[in-house]
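**Student:** One rule links them: number in our numbering = place in the sequence shown (from 1) + 765.
The structure follows.
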Amino acid sequence: MMRERERCDRGQPDAFGILQQAFIRRMAFNMTPTKFPTEQILIASILATIAFLLIYMVYVSIKKSRAVLVNGVRDKSDNLLVVWTLLASLLLHILFSYYIVGHKTDIGCFTSWGNKIFRNGFQNFYNPQTNFPDYPPGYMYVLGLMARIADLFGHGVYAADGSYDIFYVTMIKLPSIIADIGSAYLVYRLARKKLRFEAAYLLMCLAAFCPVFIYVSGGWGQIDQILSILLVISIILLNSNKPILAGFVYGLSILLKPQALMAGPLLAIAYFCYIFDPDFFSPTGRKCTDGVGTRIMKTVAAVACACALLIVSVIPFADDTMPWYSIILQKYMGTATSYKYASVNAYNIYTLFGKNWTPITEKAILGLTYGQLGTVLMVLSVGFGGVLYFFGRKKHSGALSLATAFTFASLFTLGHYMHERYLFPVLLLLLVAYISYGDRRLISMFMCWSATTLVNCIAAFYYSKLHEYHLYWDERLVFWCSLANVILFIIFCGICTDIMLRGRVKADVFADDDVSAKAQKTVPARKAEK
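So, in structure tokens, the structure goes:
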């Protein structure tokens, strides 16, 4: 993977040089930078977070009687307002795409790969002698389609002056931007089942204008929100007694982003419970009349759909030098271990102790290397996530989304090989879990992790941009953001244990007539929708 990344960085030195100069000028660098831009990062993050907090403050100011549906009876919706708000979010994403062309390496790779697929087709694309992309085939179809659409409008990779064609770059980012808009609308639809329009609308706004969502999808150009929304949809489908379709959607998430495999063990536990627990759907109010044999067959069909989707998508890329099974093995086993470091700009426990970009072969504690320590902690993370789900699923239908959020957060904080964006799926999962449980602590975690993830992503963006100037990071920024993430994870462990093991759900954030009485109140989780 590193070879292809290097080619993406060096393949068009003039164009990348122009891109870099333009971006640095836009971010107020008028000369060769001499220090890491910590102040600019903090100012941008603080201003974005303050604007984000304004939406949150309006949300929490709603009186409970105006927020929660009574007996499931819906009030009137303003669908036109929803549409205009989502269009405003789309416009903001596009503006970010214009002013922040994208992550140097990722946009270089995505534009190059899309153009190669469009111009040359699928075969020989993964030929190790000529090209070696580190992404699986699924997203190559998307990139090729975006390149074709851009070509229909007369746009290619580069503009006449040798810089990136902004229309082409925006098309490359468009799938992620659409995933952001779709996620916000999904949050609205889920919230509308439990909340009145005003509250559901403001919750949608929190997703639509979340700074880190906009920055990663519209600015950076990465596809983490596509992974997030597909994981959420697969969880919703499984809870809705649609296991085969859930397996297909999960297979699609793996096809597009290998990090989806991080949720695999937990989903395997969920399917095991689906097979052998006749009351699997009791928290949702649904009844399953299928016998164990039928549920086994549906589970096998779900796995078969995911595997078939993976294999069928790979076959067009196969050739004599790279058979289809070799592509699968290298894209899904090689990609995960291609950056052999304790942390790859992930502000987690390793980075907290100064081990960012430390080789996993170095000794850590108790005679273990960082690779061995990370493996042990990752196994424990997945195991405890499974325990939380197994005991929490009987209490509430939101257990799978919350346990998945915990698993991703734990792997990010304690696991090796982690990148700065591996915490990203936790955010949407937290919003969905909050809608299910109505626990104010979950939306608070969403707000806090949104802020730290934004700082982490902007700092990692600058790491790539300023690496050639030997400006890698600011130790103070790295330390405090890593410390914040670790502390937040410890708090989150307590929250998940309290909710899923003890069954204790705190009251929602909405104001009540008797605020003082509500402050100490512990209430049951929101009743799940039938």
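Every residue, glycine too, gets a C-beta built ideally from N, C-alpha and C.
For TYR929, name the three-state secondary structure that DSSP assigns.
**Tutor:** strand
**Student:** Using beta-carbon positions only, say whether PHE861 and GLY983 come within less than 8 Å of one another.
**Tutor:** Judged by their CB atoms, PHE861 and GLY983 are nearer to each other than the 8 Å cut-off.
**Student:** Bridge partners of HIS1181, per DSSP?
**Tutor:** DSSP lists no partner for HIS1181.
**Student:** Hey, out of SER1175, PRO1030, ASN880, PHE978, whose CA is closest to MET1212's CA?
**Tutor:** PHE978
**Student:** Taking the alpha helix (DSSP H) that ALA1225 belongs to, which residues open and close that run?
**Tutor:** 1205-1231
**Student:** Restricting to Cα atoms, I'd like to know which of LYS881, PHE1257, ASP1084, ILE1130 is closest to THR1169.
**Tutor:** PHE1257
**Student:** Just how far apart, CA to CA, sit GLN786 and ASN1113?
**Tutor:** A caution first: GLN786 carries a pLDDT of 43, below 50, which makes its placement in the model too unreliable to give a value.
**Student:** According to the Cβ coordinates, are PHE817 and PHE1041 closer than 8 Å?
**Tutor:** no
**Student:** Out of ASN1004, LYS959, LEU1167, TYR1228, which one is the CA nearest neighbour of GLY1319?
**Tutor:** Nothing can be reported for residue 1319, as the shown portion of the chain is limited to 766 through 1295.
**Student:** Between LEU1017 and TYR904, which are expected to be in contact by the criterion C-beta below 8 Å, what is the C-beta distance as a whole number of angstroms?
**Tutor:** 11 Å between Cβ atoms; not a contact.
**Student:** I need the straight-line Cα distance from LYS869 to LEU1145, nearest angstrom please.
**Tutor:** Using only the alpha carbons, I get a separation of about 35 Å.
**Student:** Which first and last residues belong to the alpha helix (DSSP H) in which HIS1161 is found?
**Tutor:** It is not in any alpha helix (DSSP H) - HIS1161 carries neither H nor E in the DSSP assignment.
**Student:** If you count every other CB in all the chains shown that lies within 10 Å of the CB of ALA1067, and 16 or more means buried, which is it?
**Tutor:** buried
**Student:** Tell me which residues share the same chain as PHE1275 and place their Cβ nearer than 6 Å to its Cβ, disregarding the 5 neighbours each side in the sequence.
**Tutor:** ILE827, LYS829, ALA832
**Student:** As a quick exercise: from GLY1268, CYS1072, ILE1252, pick the residue whose alpha carbon is nearest that of LEU1153.
**Tutor:** The candidate whose alpha carbon is nearest that of LEU1153 is GLY1268.
**Student:** Note the first and the last residue of the continuous alpha helix (DSSP H) segment covering PHE1254.
**Tutor:** 1240-1261
**Student:** Express the C-alpha separation of MET1143 and ALA1035 in angstroms, rounding to a whole number.
**Tutor:** 19 Å
**Student:** Classify PHE918: buried if its beta carbon has 16 or more other beta carbons within 10 angstroms, exposed otherwise.
**Tutor:** exposed
**Student:** If we call anything under 8 Å between Cβ atoms a contact, is TRP1122 one with VAL1109?
**Tutor:** The Cβ-Cβ distance between TRP1122 and VAL1109 falls below 8 Å.
**Student:** Would you mind stating whether LEU992 and ALA949 have Cβ atoms separated by less than 8 Å?
**Tutor:** no
**Student:** If the criterion is Cβ atoms closer than 8 Å, does the pair HIS1184 and ILE1125 meet it?
**Tutor:** Going by C-beta atoms, HIS1184 is not nearer than 8 Å to ILE1125.
**Student:** Given this structure, state the Cα-to-Cα distance separating CYS970 from VAL847, to the nearest angstrom.
**Tutor:** 9 Å
**Student:** Is the Cβ-Cβ distance between TYR1039 and THR1059 less than 8 Å?
**Tutor:** no
**Student:** Grab me the residues of GLY1157's own chain with a C-beta within less than 6 Å of its C-beta, minus the 5 sequence neighbours each way, in chain order.
**Tutor:** ALA1164, MET1265
**Student:** Any heavy atom of the ligand GDP closer than 7 Å to the Cβ of LEU960?
**Tutor:** This structure lacks the ligand GDP; in fact it carries no ligand of any kind.
**Student:** If contact is defined by three or more beta carbon pairs under 8 Å, each pair taking one atom from either stretch, is the region 1192-1201 in contact with the region 1170-1179?
**Tutor:** yes
**Student:** Taking the CB atoms as reference points, tell me whether TYR906 and PRO1023 lie closer together than 8 Å.
**Tutor:** no
**Student:** Report yes if the C-beta distance between LEU951 and ILE1019 is below 8 Å; otherwise report no.
**Tutor:** no
**Student:** Compute the beta-carbon to beta-carbon distance between ASP1084 and ASN889, rounded to the nearest angstrom, for a pair I have assumed lies under 8 Å.
**Tutor:** 6 Å
**Student:** Using the beta-carbon count (16 or more within 10 Å), is MET1027 buried or exposed?
**Tutor:** buried
**Student:** Would you call the region 1235-1255 and the region 1215-1223 in contact, with 3 or more CB pairs under 8 Å?
**Tutor:** yes
**Student:** Identify, in the order they occur along the chain, each residue of the same chain with its Cβ nearer than 6 Å to the Cβ of THR1086, setting aside the five sequence neighbours on each side.
**Tutor:** ASN892
**Student:** Keeping to the same chain, check which residues put their C-beta closer than 7 Å to that of THR1134; ignore five residues upstream and five downstream.
**Tutor:** These residues qualify, in order along the chain: ILE1125, THR1126, GLU1127, LYS1128.
**Student:** Tell me which same chain residues have a C-beta within less than 6 Å of the C-beta of THR1217, skipping the five on either side of it?
**Tutor:** Sequence-distant Cβ neighbours of THR1217 in its own chain, meaning closer than 6 Å and more than five residues away, are CYS1246, ALA1249, ASN1250.
**Student:** Going by C-alpha to C-alpha distance, which of ALA1011, ILE820, LEU1002 sits closest to PRO976?
**Tutor:** With distances taken between Cα atoms, PRO976 lies closest to ILE820.
**Student:** Is it buried or exposed, PHE1037, if we count other Cβ atoms within 10 angstroms and call 16 or more buried?
**Tutor:** exposed
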